[in-house]
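Residue numbers (the working numbering), protein chains in the order written: chain L, 1 to 157; chain W, 1 to 123.
Just so you know, even glycine gets a beta-carbon here, dropped at the ideal spot from N, CA and C.
Remember, predicted model here, so these are calculated numbers, not experimental data.
In what follows, a single structure is set out as structure tokens and then discussed.
This is the structure we're talking about:
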């Protein structure tokens, strides 16, 4: 059973509409990607996060000092991971509120639902998450892809 | 460290928003990245509202949006703003309204989000 779970590749299968090479590279970015079982039915909403996907493609063109205040150009690894993540979220019917570049080369992927929000911060060398809620203390930690189901359950719960 | 900014003051922080302002949230609010320390920064640059104007603080409204946050809310987050007037040197204009929000940790991702959520857009 564990071997089946560890070899589970639903993500790649579901989002392989674009370049497979890109998807595979992004998939590796999140390694180890194992023991992932989503608890959601997968709605078919192919253009749900199209705006965010387009923005990420535009952010690829940003260079150092893109804001005139010495911001670093977005990290290629962060961009690749963000693109992959947004497509995964789209495949699972989760609207992304916004994506934005940060001053340290990171990419912000912002998810919101009523009074809750999750920020995924994708840096060159680390991925982090922050949970914000009007009723709970904010919480942050390192992010791995296998945490996504739990985070979405919290966001939409 | 400079003198503490009065707790009843408001602070301006600008964020890059050009072209088409898509670096900000779709509803026009600031992203947490507006309040994230840059690699060379130890503290967050702001302007003291009573000592400047929105137009002066934003410098270029075609490229930047301006947000304001109450110093009291900054203090509630266990941070504080101190005066840090900038002289006219290094080809930079003097900015007597300049201040710094001190106490931020570059590795902390919560505080930029809280500051952004406590801010509101001015320009």
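Would you mind stating whether residue i and residue j have Cβ atoms separated by less than 9 Å?
| i | j | result |
| --- | --- | --- |
| residue 134(L) | residue 78(L) | no |
| residue 108(L) | residue 32(W) | yes |
| residue 94(L) | residue 53(L) | no |
| residue 64(W) | residue 17(W) | yes |
| residue 97(W) | residue 51(W) | yes |
| residue 13(W) | residue 79(W) | no |
| residue 104(W) | residue 44(W) | yes |
| residue 59(L) | residue 46(L) | no |
| residue 1(W) | residue 82(W) | yes |
To the nearest angstrom, report how far apart residue i and residue j are at their CA atoms.
| i | j | result |
| --- | --- | --- |
| residue 35(L) | residue 143(L) | Unreliable positioning characterises residue 35(L) in this predicted model, as indicated by a pLDDT of 39, which lies under 50. A coordinate reading is not provided. |
| residue 111(W) | residue 139(L) | 11 Å |
| residue 55(W) | residue 61(W) | 8 Å |
| residue 92(L) | residue 127(L) | 20 Å |
| residue 94(W) | residue 88(L) | 48 Å |
| residue 106(W) | residue 42(W) | 8 Å |
| residue 3(W) | residue 48(W) | 12 Å |
| residue 71(L) | residue 46(W) | 17 Å |
| residue 72(W) | residue 87(W) | 27 Å |
| residue 113(W) | residue 111(L) | 13 Å |
| residue 117(W) | residue 84(W) | 24 Å |
| residue 97(L) | residue 26(W) | 8 Å |
| residue 53(W) | residue 101(L) | 28 Å |
| residue 104(L) | residue 121(L) | 11 Å |
| residue 83(L) | residue 89(W) | 42 Å |
| residue 106(L) | residue 76(W) | 27 Å |
| residue 32(L) | residue 22(W) | Low confidence applies to residue 32(L): its pLDDT is 43, below 50, so where it sits in the model is not reliable, and the reading given next is rough at best. One C-alpha to the other measures close to 33 Å. |
| residue 119(L) | residue 66(L) | 22 Å |
Could you check how far apart the C-beta atoms of residue i and residue j are, in whole angstroms? I think they sit under 8 Å.
| i | j | result |
| --- | --- | --- |
| residue 178(L) | residue 113(L) | One cannot answer for residue 178(L) here, as it falls past the ends of chain L, which runs 1 to 157. |
| residue 122(W) | residue 68(W) | 5 Å |
For residue i, which three-state DSSP category applies?
| i | result |
| --- | --- |
| residue 79(W) | coil |
| residue 28(W) | coil |
| residue 21(L) | Here the model assigns residue 21(L) a pLDDT of 41, short of 50, so the residue's position is not dependable, and the following value carries that caveat. Looking at residue 21(L) - three-state DSSP - the assignment turns out to be helix. |
| residue 119(W) | coil |
| residue 156(W) | Outside the displayed range of chain W (1 to 123) lies residue 156(W), so it cannot be described from this structure. |
| residue 11(L) | In this prediction, residue 11(L) has a pLDDT of 39, which is less than 50 and means its spatial position is unreliable; nothing more can be read from the coordinates. |
| residue 86(L) | helix |
| residue 93(L) | coil |
| residue 125(W) | Residue 125(W) is absent from the structure shown; chain W starts at 1 and stops at 123. |
| residue 154(L) | helix |
| residue 45(L) | coil |
| residue 72(W) | helix |
| residue 116(L) | strand |
| residue 129(L) | strand |
| residue 57(W) | helix |
| residue 38(W) | coil |
| residue 21(W) | coil |
| residue 142(L) | strand |
Using only the heavy atoms of the ligand GDP, determine whether one of them is closer than 8 Å to the beta carbon of residue i.
| i | result |
| --- | --- |
| residue 138(L) | As far as ligands go, the structure on display features none, and thus does not contain the ligand GDP. |
Counting only Cβ-Cβ distances shorter than 8 Å, please list the residues of the segment 90-114 of chain W near chain L, keeping chain order. 108, 109, 110, 113 and 114
Please name the residues in the segment 124-141 of chain L whose beta-carbon is closer than 7 Å to at least one beta-carbon of chain W, in chain order. 128, 130, 132, 138 and 140
Quick one: which residues of the segment 62-79 of chain L get their C-beta closer than 8 Å to a C-beta of chain W? List them in chain order. 66, 67, 68, 69, 70, 71 and 72
Note down, in chain order, all residues in the segment 7-34 of chain W with a beta-carbon under 7 Å from any beta-carbon belonging to chain L. 16, 22, 23, 25, 26, 31, 32 and 33
Using Cβ-Cβ distances below 8 Å, what residues of the segment 58-92 of chain W are close to chain L? 63
Select from the segment 38-56 of chain W all residues with a C-beta closer than 7 Å to any C-beta belonging to chain L, and list them in chain order. 38, 39 and 40
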